[in-house]
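According to the numbering used here, the sequence shown is numbered sequentially starting from 821. Glycine included, C-beta positions come from ideal geometry on N, C-alpha and C. Bear in mind the structure is a predicted one, so any value in this text is a computation, not a measurement. Worksheet: one structure, shown below.
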Amino acid sequence: MTYQWLNQSAACPVVEFHDIRTEKFRSDKYLSLLETRLTAPLVAAGGVALGHFRVEDHPDRLLLLRGFASMPARRRALTAFHAGADWAAHRRESADLLHNEQVLLTRTIVPADGIRPSRPGERWAVMISEVRFPEQIGNYQLWLRLLLRKAGLDPVAAFATLEAVNDVPAVPVVKNRSQHIVLLRRSGGVPELPPELRGMLRYPPEILGLEPALSLVW
């Protein structure tokens, strides 16, 4: 089992997307550190390790997803995690392996009850869009889903920037950007956006192929 979404008893409406660039040729070592030393303490503190992905054609780029039941739950979990002995022991090593990290703080739009773990050989993609105005998220989600479903690419999950104060200074997040993120199972190419959808965006969407890395299931 290589990918875990929501657990069976509780949703994770708050999701952090960590877009990571490691130092050259260090992504394997960073993933090993993450999965053998840092994931279990995060889960013990109350977070959920939703997924660890390699980005196709970008050997030093990773996408990590961490989930929380609420913003207060996120604050409690991350405060406990960063105060713990495991983080203290490995913080320096983690920093030395990273070249750059951007964290998007998002809320889950769909699904309400999560998705099943991926099966061997499944192919994934993520589509990251930045809308011009936060109030456009609803319409963009509606029309993009219709476009993708017509192309046989029904989104597995969708997320949008959570407009909330980041109360965990140890985890800086991207500010003043309204992001929409779609996770897809790949069965074909993502269609070109029509003018009506392109007009809602600041830039063309970024579409990344993903390969699930080994991820522990708790």
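Is it right to say residue i is buried, meaning 16 or more other beta carbons lie within 10 angstroms of its own, or is it exposed?
i: Q961; result: buried
i: G972; result: exposed
i: F845; result: exposed
i: R894; result: buried
i: A897; result: buried
i: P975; result: buried
Using only alpha-carbon positions, find the residue among the options that is nearest to residue i.
i: E1031; options: V868, H872, L862; result: H872
i: R911; options: A865, Y850, Q999, W963; result: Y850
i: Q922; options: G887, N959, D839; result: D839
i: M1090; options: N959, E955, L964, P931; result: For residue 1090 there is no data in the structure shown, the boundaries of the chain being 821 and 1038.
i: W907; options: L853, R881, D877, R895; result: L853
i: A945; options: L918, L917, F979, L1003; result: L1003
i: K970; options: V994, P1011, A980; result: P1011
i: L967; options: R997, V994, P1014; result: P1014
i: Q956; options: I1001, I929, R874, M1020; result: M1020
Identify, in the order they occur along the chain, each residue of the same chain with its Cβ nearer than 8 Å to the Cβ of residue i, setting aside the five sequence neighbours on each side.
i: A984; result: M891, L925
i: E804; result: Only positions 821 to 1038 of the chain appear in this structure, which leaves residue 804 out of reach.
i: G1008; result: A971, G972, L973
i: V991; result: E836, L898, V923
Is it the case that the CB of residue i approaches a heavy atom of the ligand PLP more closely than 7 Å?
i: R911; result: As far as ligands go, the structure on display features none, and thus does not contain the ligand PLP.
Return the Cβ separation of residue i and residue j in integer angstroms, given the expectation that the two are a contact with Cβ distance under 8 Å.
i: R886; j: G867; result: 5 Å
i: P1025; j: S998; result: 13 Å between Cβ atoms; not a contact.
i: Q901; j: P861; result: Note on residue identity: the sequence assigns Phe, not Gln, to residue 901. Contact flag correct, Cβ pair sits at about 6 Å.
Excluding the five sequence neighbours on either side, which residues of its own chain have a C-beta within less than 6 Å of the C-beta of residue i, listed in chain order?
i: A865; result: A897, A900, F901
i: G1029; result: E876, A945
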